[in-house]
Amino acid sequence: MKAVCWMGKKKMEVQTVDDPTILNPKDCIVKITSTAICGSDLHLYDGYVPTMEKGDILGHEFMGEVVAVGPSVRKLKVGDRVVVPFTISCGGCFHCSRGQWSCCDNTNPNAGLSEVLNGASGAALYGYSHMMGGYAGGQAQYARVPFADVGPIKVESDLPDDKVLFLSDIFPTGYMAAENCGIEPGHTTVAVWGCGPVGQFAIRSAFLLGAPKVIAIDSVPERLRMAEEGGAVIINSDNEDVHDRLMALTGGRGPDAAIDAVGMEAHGSAYDHVKQTLKLEQDRPFVLRQAMRAVRKGGVLSIPGVYSGFIDKVPFGAVFAKGVTLKMGQTHMQRYLQPLLDLIRDGKIDPSFVITHRFPLTKAPDAYEIFCKKQDGCIKVVLDPSN
Amino acid sequence: MPKPTYLSDPSSTSGERPRMKSTIVVPGNQCVKITRACTIMRPAAELYQFWRHLENLPRVIKHPATITRVSEVESRWTVSAPPGDREVSWTSLIINDEPDRLIAWRSTEDAEIPNAGSVRFEIAPGNQGTEVTVSLEYNPPGGKLGAWLAKLSGEEAGQQVADALRRFKALMETDEIPTTEGQPVGEPQKSKRAKS
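Going line by line, the protein sequences match chains S and Y.
If you're matching positions, the first sequence starts at 34 in my numbering and goes up one per residue.
If you're matching positions, the second sequence starts at 1444 in my numbering and goes up one per residue.
Okay, structure coming up:
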C-alpha cells in the first residue's frame, strides 16, 4: 500500500510499504477512505517531537471500511464503515473504566519512554512518535486498529466522509476544550487563541454549549474570517493589543474562560523561538502566557493545544493569584463520538466547513508544505487514499 | 530446618516463621535492589495463579528467558545477561508461598549471579484492583560497576522489571500485550528490519 512516511524535519515521502495485518486478537484492519493532516502533525513535520524515526508512517485522523477483524473482535464486522479516534484505548484499565480514555494504561508498547519524560504514559496515538506508542498511522491506504471494539465508531447513516471524518480528532478535541470551560448557558464568555481547525471547532462547540459570546484570536486573515462566520468576535493579534482588546470586550473583567488552541509552536515571541531552536526550551508558550494574564479571576484556562516538554517564564503567579482552574490533556474521545455524531446527524453542525484543500494521498508532501506555510488560505487538508 | 521467609509480607507477624537474613543469598554490600509496583484491575487470586505457574512468565518478560519447571518449588532459569549477552543459568527455589498474597524465591547456592526476589499481591484501596509489588535483589557480574555498565547499555534490570510488570498488567486487564512488531513501516527502517 501507499503510506506517508516521516523522513526527517520538513521531509515527507509517500512510500510503498507492506499492507498491515492483524497482530493482536482484538485488532481490525481498516481500508481508509478519507484521511487528514492535523495541526499537531506539523509539530512532527517541524521536528519538535522526540523519538521519531525515518520511515514512520504518520496520520491520526482517518476513517474507512473494516476489511478484517481479529478473533476476539465482537462488535465490529467486515464491511462496517467506521471513524477511528486518534487515541488507542483498551477499555479495561482503571482510567478507561472512569472515562479517562486518553489516560489508558495499556496501549503504549513503549510506555517506558514516556515514563522517563512524564512520569507515566497515556494512551498510545496513531502515527505520533515512538514515545507515544510507535503505531503506524492512517495517512495510508490501510491501517491496523487495535482494540477494534473500543475505539472506532460505526457510521451507518449515509452521511458523507467529509461530515464525519473529523470525529477522529479535531471536532471532539475542540468540543472537550469548550466543555472544559464549564460554560453556563447565556453567561460564559469564552476567548479562543488560535483559529486553526481545533480552534474553529472550539468556537462552534462553545456556542453549541450556550456561550453568548466567543472571542477568537489569530493573525491569519482567512482563519479569522472563518471564525467570524462561526459567530465569533475577532481580534487580529498582528494589528491589536490582545490583552487590552479582551478587557474592552469583557467590561474590564477578562474572559470567563480561555482556550489555548495553539500550543507549543505559538508565534509572537522571539525569546521562545531562539530558545526552542537552540533546544533550550521544547515549547513556545507565548499564547499560554497571554491567556493566563487575560482570563478572569476564578475562571478556567482550557488547553487543547499540544505541549510536549518544558516551558519557560510561565506566569504561574498570575493563575495562582486569580484562582484559575487549568484543564488540559489529550481528548477522552469515546465520551464524545456518539453525542457528536448525533449532533452532525441532527444537522446542528456540519464539520466539513473547515476543509479548504484536498489532495490525493500521493501529493501529501506538497500538502504538508502548503499547510505548514499557511499558503493559499490553507486551514484543513483532506487526503484521498484511493488510487 | 525452619521455613525461610525471605522478603515475606511485612504485615505478617507470625512467630513461627523466623526471617532469614538476605545476606545468605546476596552479599549485602554488592547487591542491586529493585522494587517496582503497579495496580492491576483483576483479583489477586487470578494474578497469583498466573505468576505461580512460572512457565507463564516468559510471556511478559520482554528479555529472552527460558524457565523450566523442575519441581513444585524448583525452576531452572536461563537468560542472556550483559556484558555481551552471554547465557546465564541458575536454579530458583520458591522459599515462601502464600496463595493469593506472596511468592518469594532465591537462587540456589551454586548460582553464578546470586539473586532473590518476591512478588506481593495486595488489595488496592477501595477494592479497586490489586497492587502488585515486585522486589528483586541480585549480585551483578562485576558488582555495582557491572550494574552501572548494564544501565549504560540499556539493559538496566529496573527497566526490565517495570516493562515486565506493565506487560503482565496489560495481559491480565485486556487479554493481550500491546505491540507494533510486524506492522508496516517505510524505508530505511524496513530494510533494517529485514536484515535483523
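We treat Cβ as the ideally placed atom computed from N, Cα and C, and that holds for glycine.
Alpha carbon to alpha carbon, how far is S238 (chain S) from P142 (chain S)? Give it in angstroms, no decimals.
-> Here residue 142 (chain S) corresponds to residue number 109 of the first sequence, with the count starting at 1. Here residue 238 (chain S) corresponds to residue number 205 of the first sequence, with the count starting at 1. The alpha-carbon atoms of P142 (chain S) and S238 (chain S) are separated by roughly 34 Å.
Under 7 Å from the C-beta of R177 (chain S): neighbouring residues of chain Y = Counting from one through the first sequence, the residue named residue 177 (chain S) turns up at place 144. By Cβ distance, chain Y contributes Q1626.
Expressed to the nearest angstrom, what Euclidean distance is found between the alpha-carbon atoms of V117 (chain S) and A281 (chain S)?
-> Position 84 of the first sequence holds residue 117 (chain S). Position 248 of the first sequence holds residue 281 (chain S). Taking the straight line joining both Cα atoms gives about 42 Å.
Terminal residues of the continuous beta strand (DSSP E) containing C1481 (chain Y)?
-> Locating residue 1481 (chain Y) in the second sequence gives position 38, counting from the first residue. Element bounds for C1481 (chain Y): V1475 to I1483.
Quick one: using the 10 Å Cβ neighbour count with 16 as the cut-off for buried, is G152 (chain S) buried or exposed?
-> Your numbering for residue 152 (chain S) matches position 119 in the first sequence. Result: exposed.
Have a look at the DSSP bridge pairing and note the partners of L416 (chain S).
-> By 1-based counting over the first sequence, the position of residue 416 (chain S) is 383. L416 (chain S) pairs with S:T68 and S:F392.
Could you tell me whether the region 172-181 of chain S touches the region 249-265 of chain S, where touching means 3 or more Cβ pairs closer than 8 Å?
-> no
Look up Q10 (chain S) in the DSSP assignment and give the residues it is bridged to.
-> There is no way to answer for residue 10 (chain S), as the model of chain S reaches only from 34 to 420.
Let me know the secondary structure DSSP gives D89 (chain S) once reduced to three states.
-> On the first sequence, residue 89 (chain S) is found 56 positions in, with the first residue counted as 1. The three-state secondary structure of D89 (chain S), taken from DSSP, is strand.
Cutoff 8 Å: D74 (chain S) Cβ touching any chain Y Cβ | Start at 1 with the first residue of the first sequence, and residue 74 (chain S) comes out as number 41. D74 (chain S) does not count as touching chain Y.
Are there 16 or more other CB atoms within 10 angstroms of the CB of V414 (chain S), so buried, or fewer, so exposed?
-> Along the first sequence, one-based indexing puts residue 414 (chain S) at 381. V414 (chain S) is buried by the Cβ-count criterion.
What are the residues that DSSP puts in a beta bridge with W1533 (chain Y)?
-> Counting from 1 along the second sequence, the entry for residue 1533 (chain Y) is found at position 90. The partner list for W1533 (chain Y) (beta bridge, DSSP) reads Y:W1520.
Flag this pair as touching only if the region 103-114 of chain S and the region 50-58 of chain S have three or more C-beta atom pairs under 8 Å; answer yes or no.
-> With a cut-off of 8 Å, the region 50-58 of chain S and the region 103-114 of chain S count as touching, because enough Cβ pairs lie within range.
Own chain, CB closer than 7 Å to D1643 (chain Y), minus 5 neighbours either side, in chain order = There is no way to answer for residue 1643 (chain Y), as the model of chain Y reaches only from 1444 to 1639.
T1612 (chain Y) classed as buried or exposed, judged by whether at least 16 other C-beta atoms fall within 10 angstroms | The residue labelled residue 1612 (chain Y) in the question sits at position 169 within the second sequence. Before going on, a small fix: residue 1612 (chain Y) reads as Lys here, not Thr. Label assigned to K1612 (chain Y): buried.
For P58 (chain S) and chain Y, any beta-carbon pair shorter than 8 Å?
-> Within the first sequence, the letter at position 25 stands for residue 58 (chain S). So, interface residue.
Cutoff 6 Å; reference A169 (chain S); Cβ partners in own chain excluding five residues on either side | Looking up residue 169 (chain S) in the first sequence gives position 136. Excluding residues within five positions, the ones whose Cβ falls inside 6 Å are I90.
Residue range of the alpha helix (DSSP H) that includes D74 (chain S) = As a first step, residue 74 (chain S) is located in the first sequence; it is residue number 41 there, counting from the start. Counting along the chain, the unbroken alpha helix (DSSP H) around D74 (chain S) starts and ends at D74 to Y78.
For G1560 (chain Y), the first and last residue of its enclosing beta strand (DSSP E) = What you label residue 1560 (chain Y) is simply residue 117 of the second sequence in a count that begins at 1. Annotation: the continuous beta strand (DSSP E) that includes G1560 (chain Y) extends over N1558 to I1566.
Look at the Cβ atom of I388 (chain S), then the Cβ atom of D195 (chain S), and state whether they are nearer than 8 Å.
-> Position 355 of the first sequence, counted from the first residue, corresponds to residue 388 (chain S). Position 162 of the first sequence, counted from the first residue, corresponds to residue 195 (chain S). When the beta-carbon positions are compared, I388 (chain S) and D195 (chain S) come within less than 8 Å of each other.
Could you tell me the distance, in whole angstroms, from the CA atom of F180 (chain S) to the CA atom of G125 (chain S)?
-> Here residue 180 (chain S) refers to the residue found at position 147 when the first sequence is read from its first residue. Here residue 125 (chain S) refers to the residue found at position 92 when the first sequence is read from its first residue. Approximately 10 Å between the Cα atoms of the pair.
From which residue to which residue does the beta strand (DSSP E) around K360 (chain S) run?
-> Here residue 360 (chain S) refers to the residue found at position 327 of the first sequence. It spans T358 to M361 - the beta strand (DSSP E) in which K360 (chain S) sits, taken as one unbroken run.
Say whether chain Y places a C-beta atom closer than 8 Å to the C-beta of D138 (chain S).
-> Translated into the one-based positions of the first sequence, residue 138 (chain S) becomes position 105. Answer yes: the Cβ-Cβ gap between D138 (chain S) and chain Y drops below 8 Å somewhere.
Tell me, which residues are paired with C61 (chain S) by DSSP?
-> The residue you call residue 61 (chain S) lines up with position 28 of the first sequence. Per the DSSP secondary-structure output, C61 (chain S) pairs in a beta bridge with S:V102 and S:V178.
Cβ pair R1512 (chain Y), T1534 (chain Y) closer than 8 Å = The residue given as residue 1512 (chain Y) occupies position 69 in the second sequence. The residue given as residue 1534 (chain Y) occupies position 91 in the second sequence. The answer is no: Cβ separation not under 8 Å.
Outcome for H128 (chain S) when other beta-carbon atoms lying within 10 angstroms are tallied against a minimum of 16 | What you label residue 128 (chain S) is simply residue 95 of the first sequence in a count that begins at 1. So H128 (chain S) counts as buried.
Does the Cβ of R286 (chain S) have 16 or more other Cβ atoms within 10 Å, making it buried, or fewer, making it exposed?
-> For the purposes of this step, residue 286 (chain S) is taken as residue 253 along the first sequence, with counting starting at 1. Exposed is the call here.
Span of the beta strand (DSSP E) holding T1651 (chain Y)?
-> There is simply no residue 1651 (chain Y) to check, as chain Y begins at 1444 and stops at 1639 in what is shown.
Sorted by chain position, which residues of the same chain lie with C-beta nearer than 6 Å to R391 (chain S)'s C-beta, five sequence neighbours on each side aside?
-> On the first sequence, position 358 is the one that residue 391 (chain S) refers to. Within the same chain, R391 (chain S) has close Cβ partners V415.
Is N141 (chain S) helix, strand or coil when you go by DSSP?
-> Looking up residue 141 (chain S) in the first sequence gives position 108. Coil.
Close-in-space but distant-in-sequence residues of the same chain around G229 (chain S) (CB under 6 Å, 5 per side omitted) = Here the question's residue 229 (chain S) lines up with position 196 in the first sequence. Excluding residues within five positions, the ones whose Cβ falls inside 6 Å are G72.
In chain Y, what lies closer than 7 Å to Y78 (chain S) by C-beta?
-> The count along the first sequence starts at 1 and reaches residue 78 (chain S) at position 45. In chain Y, no part has a C-beta under 7 Å from the C-beta of Y78 (chain S); the shortest such distance is about 15 Å.
Just how far apart, CA to CA, sit R1610 (chain Y) and T1521 (chain Y)?
-> The sequence position of residue 1610 (chain Y) within the second sequence is 167, counting from 1. The sequence position of residue 1521 (chain Y) within the second sequence is 78, counting from 1. R1610 (chain Y) and T1521 (chain Y): Cα-Cα distance of roughly 20 Å.
When the Cβ atoms of the region 376-387 of chain S are set against those of the region 186-202 of chain S, are three or more pairs found closer than 8 Å?
-> Three or more Cβ pairs closer than 8 Å define a contact, and the region 376-387 of chain S meets that threshold against the region 186-202 of chain S.
Residue(s) in a DSSP beta bridge with K246 (chain S) = In the first sequence, counting from the first residue as 1, residue 246 (chain S) sits at position 213. Answer is S:T222.
Helix, strand or coil for G215 (chain S) per DSSP?
-> If you number the first sequence from 1, residue 215 (chain S) lands on position 182. Of the three classes helix, strand and coil, the one that applies to G215 (chain S) here is coil, per DSSP.
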